[in-house]
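Every position in the sequence shown, counted from 1, becomes a number in the working numbering once 1 is added.
For every residue, glycine included, the Cβ atom is placed at its ideal position computed from N, Cα and C.
Notes follow the structure.
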Amino acid sequence: MWIDTHTHLWDEQFDKDRKEILDSLGGKLKYIIEIGVDSKTSQKAVTLAYKNERVFAVVGVHPHDAKHLTEDVFKLVTDLSKMDKVVGIGEIGLDFYKNYSSEEKQRKCFIRFLNYARESNLPVVLHVRDAYEHVLDILNTEGIPKAGGVVHSFLSSYNHAKKFLDLNLFLGIGGPITFKKNSSLRDTLKKIPIEKILLETDCPYLTPVPKRGHRNDPAYVEYVAQEISKTKNIPILDVEEILYENTTTLFGLPKC
Ligand SMILES: [Zn+2]
Numbered sequence: 002m003w004i005d006t007h008t009h010l011w012d013e014q015f016d017k018d019r020k021e022i023l024d025s026l027g028g029k030l031k032y033i034i035e036i037g038v039d040s041k042t043s044q045k046a047v048t049l050a051y052k053n054e055r056v057f058a059v060v061g062v063h064p065h066d067a068k069h070l071t072e073d074v075f076k077l078v079t080d081l082s083k084m085d086k087v088v089g090i091g092e093i094g095l096d097f098y099k100n101y102s103s104e105e106k107q108r109k110c111f112i113r114f115l116n117y118a119r120e121s122n123l124p125v126v127l128h129v130r131d132a133y134e135h136v137l138d139i140l141n142t143e144g145i146p147k148a149g150g151v152v153h154s155f156l157s158s159y160n161h162a163k164k165f166l167d168l169n170l171f172l173g174i175g176g177p178i179t180f181k182k183n184s185s186l187r188d189t190l191k192k193i194p195i196e197k198i199l200l201e202t203d204c205p206y207l208t209p210v211p212k213r214g215h216r217n218d219p220a221y222v223e224y225v226a227q228e229i230s231k232t233k234n235i236p237i238l239d240v241e242e243i244l245y246e247n248t249t250t251l252f253g254l255p256k257c
């Protein structure tokens, strides 16, 4: 049974079939981890987690939304993080590709939640785009939570992968690993130990081959897993077992 470690089912693209997707959990998918990006979606993620025992929530403020971080937002999100179905802080990080918030606001927001996660000993879910060195600098200066974390949708070189692995972080692999053009990412994946990989969709975004052109769906983690199995030449049943162990350990999910 698979775990999708990064979903955004609160997105309106799921309004029509969210219930169906949730009802299907316990079939091919054992758990999903629903990720907030601001106070509103963090609240929605928590609500979903309390509606379904197979859903867990991660709460935080995405770098895109850093400009909206107020004391009220910080308090709301950190209050949510104390609930027992909340298993991490995120997504937090830096995105210097889109720069929807200024670099300064992104840094402030990231550092504040990173420090909160460390004090609360919660794992972090990191969003990094065109800012790998900057994020590594901050992680090295501020320190990472003992509980660890994951660089979600990792898309960079082995050089960067190695630096995150040295910090004992996991790397989240999703739909882009199946894209034809991403052969260098597959070469990087060959060198990343399977014990440090998490499986994710980032749905409704980043739909894997062969479903490109459609909305992404948690069930499609299986296509990502098949690509990992093929690229790393590890039998799919072993991939399933190891990724399950990785995820339940990092986020403290029930292992049964
Ligand atoms: Zn995401």
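Shorter than 7 Å, the distance from the beta carbon of Ile36 to the closest heavy atom of ligand 1, or not? Ile36 Cβ: within cutoff of ligand 1.
If you measure from the CB of Asp203, is any heavy atom of ligand 1 nearer than 7 Å? Under cutoff, so the answer is yes.
In the DSSP assignment, the alpha helix (DSSP H) including Ala1 goes from what residue to what residue? It is not possible to answer for residue 1, since the shown part of the chain is limited to 2 through 257.
Give every residue of the same chain whose Cβ lies closer than 8 Å to the Cβ of Leu127, excluding the five residues on either side of it in the sequence, and list them in chain order. The beta carbon of Leu127 lies closer than 8 Å to those of Gly91, Glu92, Ile93, Gly94, Val136, Gly150, Val151, Val152, His153, Leu170 in the same chain, with the five residues before and after it left out.
Tell me whether Glu92, by its Cβ, gets closer than 7 Å to a heavy atom of ligand 1. At least one heavy atom of ligand 1 is nearer than 7 Å to the Cβ of Glu92, so yes.
Does any C-beta atom of chain C lie closer than 8 Å to the C-beta of Phe165? Absent from the structure is chain C; it holds one protein chain and no more.
Thinking C-alpha only, which one of Asn116, Leu156, Ile34 is nearest Asn292? Residue 292 is absent from the structure shown; the chain starts at 2 and stops at 257.
Looking at Thr6: is its Cβ nearer than 8 Å to the Cβ of Leu200? The criterion of a C-beta distance shorter than 8 Å is satisfied by Thr6 and Leu200.
So, helix, strand or coil for Lys261, using DSSP? With the chain covering 2 to 257 only, the question about residue 261 has no answer from this structure.
Contact between the region 33–44 and the region 224–231: three or more CB pairs below 8 Å? No, they do not touch.
Short check: CB of Tyr328 to CB of Pro205, under 8 Å? Nothing in the structure corresponds to residue 328, since the chain is present only between 2 and 257.
Proximity to Cys110 [Cα-Cα], best of Thr249, His9, Lys76, Gly176: Answer by Cα proximity: Lys76.
Can you name the residues that DSSP bridges to His135? The partner list for His135 (beta bridge, DSSP) is empty, contrary to what the question assumes.
I think Ser82 touches Leu123, with their Cβ atoms under 8 Å apart; what is that distance to the nearest whole Å? That pair is a contact at about 6 Å.
Indicate, with yes or no, if ligand 1 has a heavy atom lying under 7 Å from the CB of His9. Annotation for His9 indicates a beta carbon within 7 Å of some heavy atom of ligand 1.
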